[in-house]
Amino acid sequence: MISGGIIGTAVADNHPADVCPSTLSMADTGIEGMGTLEEAFAPFAEDFEEMTGVELELYFIANRTAAGTALQYDEVDLVFGGPSEFVLFEELTDLDVLFSIVRPNYGSSFVVKADSGIEELSDLEDKRIALKDVGSTSGHIFPSKMLADAGLNLDQLDIVMAGDARVQVLINDDVDAMGGGNKDWDAVREQDPDTEYRLLAQTDTLPGDPVIMRASLPQDCRDALRSTLSENTDRVWDSLTSTERNADKFIERDAYISFETDPAIYDQVREAYDAAGIPLGE
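Numbered per the working numbering, the sequence shown spans residues 6 to 287.
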């Protein structure tokens, strides 16, 4: 595994335009359709070129499996993904991190109604549980690890992958508990203010969403990109979050860009997959 995320923040003598290919390509694992990709990242791509002298070509990829393959075979240079994507792609090729978006409130929570009689995670053994989407770091992988750590057998639990309906199925009593991101704890109380809910369990802050670089890019290029963009952190943040899609995803209390993201921080995600008994890529 390449761990250039920390050392790459040292002052780079080179400018990206002198040590990088004239065009770099970037994909995003959470966007469907080229039009949507351009709507989300066109301002960032424009500012990226002005700051680095390197054109950033937006590259549509159908799913995260295809993104990992594209990184493996040098078909794409950068991929904006999540923590799960990082560990999945790392199974295929060496990786580096350009930067990550750290959200201090990014974690996993379990919520129940206060009058449910459920006091701890182990009480969910015979209950129906809603999780988010298969493969979601905060809505599936870490909640599954939390259940496994509580001594529960995931194969014997009644788990529903409820997606966007996860909050509503808890409110409607279609499930006994909901596991999802920390924002879901706020959403439940906002959508059903007349009912009392209990935060059953919560993780620490999870690793941020990384912009993953293929490590086969020259080291001088990777270092120069980090150095140049880190000198313009405010501009990078403003251009990234100037679009509606990215503002909704990333703007929240105390969120920030980190150019000192050690790839080793994502080891805990791999450990969560192992503890939950979930194969990478599911």
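Quick reminder that beta carbons are idealized off the backbone N, C-alpha and C, glycines included.
Computed from a predicted structure; not experimentally measured.
Beyond the five residues adjoining it in sequence on each side, E37 comes within less than 7 angstroms, by CB distance, of no other residue in the same chain. For S247, same chain residues with a beta-carbon under 7 angstroms away, outside a window of 5 residues either side, are P48 in chain order. In the DSSP annotation of this structure, A206 is not part of any alpha helix (DSSP H); the continuous beta strand (DSSP E) holding it starts and ends at Y202 to Q207. Where I176 is concerned, the enclosing alpha helix (DSSP H) starts and stops at R171 to I176.
Membership of T246 in any alpha helix (DSSP H) is not indicated, and neither H nor E is assigned to it by DSSP.
As the crow flies, the alpha-carbon of S143 is around 9 angstroms from that of L136. Where G185 is concerned, the enclosing beta strand (DSSP E) starts and stops at A182 to G186. Here M218 really is in contact with V102; their C-beta atoms are around 7 angstroms apart, less than 8 angstroms. Sorting F264, P215, K254 and I283 by C-alpha distance to the C-alpha of T238 places F264 at the top. Looking at F115, L126 and T28, the one whose alpha-carbon comes closest to that of E80 is T28. One alpha carbon belongs to A119, the other to D253, and they sit about 30 angstroms apart. Under the Cβ criterion (8 angstroms, minimum of three pairs), the segment 184-196 does not count as touching the segment 64-78. Rounded to whole angstroms, the gap between the alpha carbons of I123 and I164 is 16 angstroms. Bridge partners of T28 according to DSSP: E60.
Under a 10 Å Cβ-count criterion, N251 is classified as buried, with 16 or more other Cβ atoms of the shown protein chains found around its own Cβ. Between F147 and S235, the CB-CB gap reaches or exceeds 9 angstroms. DSSP lists no beta-bridge partner residue for F46. Counting every other CB atom within 10 Å of its CB across the protein chains shown gives V172 a total of 16 or more, marking it as buried.
Contact between V216 and F46 does not hold, since the beta-carbon distance rounds to 11 angstroms and is not under 8 angstroms. Of all alpha-carbon atoms in T98, S89 and P21, the one lying nearest the alpha-carbon of S221 is that of T98. DSSP, reduced to helix, strand and coil, places L103 within a strand of the structure shown. For F115, the uninterrupted beta strand (DSSP E) run begins and ends at S113 to K118, by DSSP. For R219, the enclosing beta strand (DSSP E) begins and ends at D214 to R219.
The continuous alpha helix (DSSP H) containing A71 extends over residues R69 to Q77. When secondary structure is reduced to three states using DSSP, D163 falls in the strand class. If you look at L234, you'll find it in the alpha helix (DSSP H) that goes Q224 to S235.
In its chain, beyond the 5 residues on either side, no residue has a beta carbon closer than 7 angstroms to the beta carbon of D199. 9 angstroms or more divides the Cβ of D179 from the Cβ of I106.
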